[in-house]
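Q: So that we are looking at the same thing, I have put the structure below in structure tokens.
There are 2 protein chains.
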Amino acid sequence: MTLQDALRSSGKRMTVQRRLVLDAVRHARHHVTAEEIAKRVRAKHPQIDASTVYRNLQALEELGEVIHTHLDDRVTRWHRADSHPHGHLICLTCGSETEVKPVALAAMAKRLRDEHGFDADLAHSAIVGICRQCRLVPSQ
Amino acid sequence: MTLQDALRSSGKRMTVQRRLVLDAVRHARHHVTAEEIAKRVRAKHPQIDASTVYRNLQALEELGEVIHTHLDDRVTRWHRADSHPHGHLICLTCGSETEVKPVALAAMAKRLRDEHGFDADLAHSAIVGICRQCRLVPSQ
DNA sequence: GAGCCTATCGCAACTTGTGGCGATAGCGGG
DNA sequence: CCCGCTATCGCCACAAGTTGCGATAGGCTC
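Residue numbers (my numbering), protein chains in the order written: chain A, 873 to 1012; chain B, 873 to 1012.
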């Protein structure tokens, strides 16, 4: 299904603002915040309001174009939907961030499906804990 | 280590406000929001500010008395540290919330430890996905 | 029990994100 | 190409939570 089809079938419209938000997420490296997207969007169209950015991110997620994740407790981060899925391990001690391969997530997800019938999206929120380094270092 | 010892060794003090916040979390059933704690605290001491509640929850977490978790994308929830740990599965379709036994979390955590050396706290954030019911129902 | 040091308090401003409202502008039909 | 329906826009107010600041009050010493 193309973006045009998705728009039509959901009754949504393609506006200048929506186009700019989508492009900003698509051209970003990874995991951008709404604030960073707004900044980029305002470079071309300075009067665009923050609420417009938030509403468009939500609309684009419904259209299947972008996805949001939670890497830390504070800020929501966005990325394009067609990038490869992966999880994140965040260390509570040193703050380091490690990517987890989809295959490892799949194994965990399989367990939840087998035991609870639950089809989990383990990439949605980062997993917090203590990383190898910080576990092995004797003195904190 | 008693609460007194923890306070002393960290240079923290026990104030009327801190006592009330701690009691509110301890007497709550499960997973209370800061707002609910504030409401309870203000019943006895009406002029206590929201920021005082937030700062005390943070301080009490550092003292090991309370813990916060994220059940949905929006609101942080708090509970006493000595309650039994468990995870949460949240269905994105119907919104249902299922508790996961510690043993299931442990198995998943073991996998992360074996493969990444990462000691995960899988109870910190709820796991989102699609529950058994919603997966099996043909029409959305 | 008085005095000192400073953690904590209440207040107000700020941040991230949501929701209501009148005005604007996509987009499908004639 | 113009018209009308209504999704979306910009603006403003609000919700959840954080932060800076001067004032207050724990708790240790004497």
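C-beta: ideal position from N, C-alpha, C; glycine also.
Helix, strand or coil: how does DSSP classify A/A922 here?
A: Correct three-state label for A/A922: helix.
Q: Work out the CA separation of A/L875 and B/T941 for me, nearest whole Å.
A: 36 Å
Q: If contact means a Cβ-Cβ distance below 8 Å, which residues of the stretch 982-998 of chain A contact chain B?
A: R983, L984, E987, H988, G989, F990, D991, A992, D993, L994, H996, S997 and A998
Q: Quick check: is any heavy atom of the ligand NAP less than 7 Å from the C-beta of A/V1009?
A: With respect to small molecules bound, the structure shown includes none, and the ligand NAP cannot be examined in it.
Q: Let me confirm a value: B/H899 is counted as buried when at least 16 other C-beta atoms fall within 10 Å, else exposed. Which label applies?
A: exposed
Q: Taking B/C1006 and B/T970 to be in contact with their CB atoms under 8 Å, please state how far apart those CB atoms are, rounded to whole angstroms.
A: 12 Å between Cβ atoms; not a contact.
Q: With H, G and I counted as helix, E and B as strand and the rest as coil, what does DSSP make of B/R946?
A: Under the three-state reduction of DSSP output, B/R946 falls in the coil class, being neither helix nor strand.
Q: Let me see if you follow: with CB-CB separation under 8 Å, is A/C1003 close to chain B or not?
A: yes
Q: DSSP three-state call for A/S881: helix, strand or coil?
A: helix
Q: Checking contacts by CB at 8 Å: is B/T874 closer than that to chain A?
A: no
Q: Under three-state DSSP, which class holds B/D954?
A: coil
Q: Relative to chain B, which residues along the stretch 876-904 of chain A have a C-beta separation below 9 Å, given in chain order?
A: Answer in chain order: no residues at all.
Q: Taking A/E937 as the reference, give the member of A/N928, A/D944, A/L977 and A/L943 with the closest Cα.
A: Selected option, being the one with the closest Cα: A/N928.
Q: Using a 10 Å radius around the Cβ and a threshold of 16 neighbouring Cβ atoms, would you call B/G959 buried or exposed?
A: buried
Q: Got a sec: is the Cβ-Cβ distance from A/H912 to anything in chain B below 8 Å?
A: It is worth fixing the name first, because residue 912 of chain A is Arg in this sequence and not His. Closer than 8 Å: no.
Q: Taking the alpha-carbon positions, what's the B/S1011 to B/T965 distance?
A: For B/S1011, the predicted structure reports a pLDDT of 49, less than 50, and the residue's modelled location is therefore unreliable. The matter cannot be settled from this model.
Q: Looking at the structure shown, is A/C1006 part of a helix, part of a strand, or coil, going by DSSP?
A: helix
Q: Would you call the CB atoms of B/D944 and B/A995 closer than 8 Å?
A: no
Q: What's the C-alpha gap between B/R885 and B/W950?
A: 21 Å
Q: Expressed to the nearest angstrom, what Euclidean distance is found between the alpha-carbon atoms of A/R891 and B/D895?
A: 51 Å
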